[in-house]
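Heads up: the protein sequence lines correspond to chains A and B, in order. This note's numbering applies: residue 1349 is where the first sequence begins, and numbers increase by one. This note's numbering applies: residue 1349 is where the second sequence begins, and numbers increase by one. The C-beta atom is built at its ideal place from N, Cα and C for all residues, glycine as well. In what follows, a single structure is set out as structure tokens and then discussed.
Protein chains: 2
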Amino acid sequence: MEMAKQIFTFYLRDEGIRYSQQRECILDVFLSTEKHLTVIDLYHLVQKKHSGIGYATVYRAIKIISQAGLAREVDFGDGMLRFEHKYKHEHHGHMICTKCGKFIEVVDPQIEELQEKLARKYKFTPQRHKMQIYGTCEKCKTKV
Amino acid sequence: MEMAKQIFTFYLRDEGIRYSQQRECILDVFLSTEKHLTVIDLYHLVQKKHSGIGYATVYRAIKIISQAGLAREVDFGDGMLRFEHKYKHEHHGHMICTKCGKFIEVVDPQIEELQEKLARKYKFTPQRHKMQIYGTCEKCKTKV
DNA sequence: TATATAATTGATATTGAATTTCATTTGCAG
DNA sequence: CTGCAAATGAAATTCAATATCAATTATATA
């Protein structure tokens, strides 16, 4: 946790971005919640601690947190951008149940490697990649 | 081409959806354009043939075309949904240049297989999957 | 430490794609 | 033909993302 906050502090310094209580609070809430949060989710959580913090501030803060490399944007295709932890979290894909909406994070080094090979083949310099597998989870398999 | 139109016709019949000139025109335009079209793109193309067709009709038609299994939604993360051909088009991923926006369709059977293996491992019944690799293409590599 | 000043905040407004509404038109079954 | 439910097109609505702006606040420096 603390390391992540240091990274954030250094990022702010490097970019000439000021410290603020609000941003610290938002970062704390984000770091202590291991979920895929939308901006509104995060806003509601932050509200519980400091009800004065506005939506716009949360929105701007999570953007900075992303830029600092601590969050990653994920898109489950439901019209809302979500943010997940990036620091010390392996790159992974998502397996999303189209019935109940639940998802699993999956990591496969072999796929990662093949993706890089693919990029090389097309003389592409890869920066990041996404992978989503949509389907039905075990529980929903039997449902209609 | 004709086969795709037949699939569409049968889909309409099965679903009890009526025939209409507009829908036929929209399907024709879609099938004859090998691009990743947004709804607005498609609307503009359709306008050239039948200027009376409205945006909402195009929007509704491409949804039906997707449901019929002839189009697939793709999301490049630029805020607009795109549609690409699905019928007789291998499943593929996309390699997207973050500088110029160009993209390449990539197919890798090995990755496909690993994805299925991954799904099996988690007792997931896969329906579809997406893969995007973001990076810089050869031309943009040297640019600042 | 006081002050200048530029970044930040929070309320609100704007944007833009996706989706819905509804009166009119149209396909098609009987 | 006729009735009626589905389809159309224009316009309205929705909603997340983003921008605006006056008031506030962090911080460098005098």
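Within the segment 1403–1445 of chain A, the alpha helix (DSSP H) runs of at least 4 residues that lie entirely inside it are, in chain order, 1403–1415.
Lysine 1469 of chain A carries a helical assignment under DSSP once its states are collapsed to helix, strand and coil.
DSSP places histidine 1384 of chain A outside both helix and strand once states are collapsed to three, so it counts as coil.
Tyrosine 1391 of chain A sits in a helix when the DSSP states are folded into three classes. Restricting attention to A:Tyr1435, A:Cys1445, A:Phe1472, the CA atom closest to the CA of tyrosine 1470 of chain B is found in A:Cys1445.
At a Cβ-Cβ threshold of 9 Å, glutamate 1432 of chain A and leucine 1385 of chain A count as neighbours. With contacts defined as CB atoms closer than 9 Å, lysine 1353 of chain A and aspartate 1376 of chain A qualify as a contacting pair. Setting aside the 5 residues that flank it on each side, lysine 1434 of chain A is surrounded in the same chain by Gly1417, Leu1418, Ala1419, Arg1420, each with a C-beta closer than 7 Å to its C-beta; the list follows chain order. Under the 8 Å Cβ criterion, the segment 1353–1371 of chain A counts as touching the segment 1398–1412 of chain A, having at least three qualifying pairs. Annotated three-state conformation of tyrosine 1482 of chain A is strand, per DSSP.
Among the residues of the segment 1437–1460 of chain A, those with a Cβ less than 7 Å away from any Cβ of chain B are Met1443, Thr1446, Ile1452, Val1454, Asp1456, Gln1458, Ile1459, in the order of the chain. Just measuring C-alpha positions, the residue of B:Tyr1391, B:Arg1408, B:Cys1488 sitting nearest glycine 1449 of chain B is B:Cys1488.
DSSP places valine 1377 of chain B in no beta strand (DSSP E) but in the uninterrupted alpha helix (DSSP H) bounded by 1369–1379. Of all residues in the segment 1468–1490 of chain B, only Tyr1470, Lys1471, Phe1472, Thr1473, Pro1474, Gln1475, Arg1476, His1477, Lys1478, Met1479, Gln1480, Ile1481, Tyr1482, Gly1483, Thr1484, Cys1485, Glu1486, Lys1489 come within less than 8 Å of chain A when Cβ atoms are compared, listed by chain position. Here isoleucine 1355 of chain A carries a helix assignment [DSSP, helix/strand/coil]. The DSSP-derived three-state label of isoleucine 1459 of chain B is helix. The C-alpha of glutamate 1464 of chain B lies about 41 Å from the C-alpha of cysteine 1373 of chain A.
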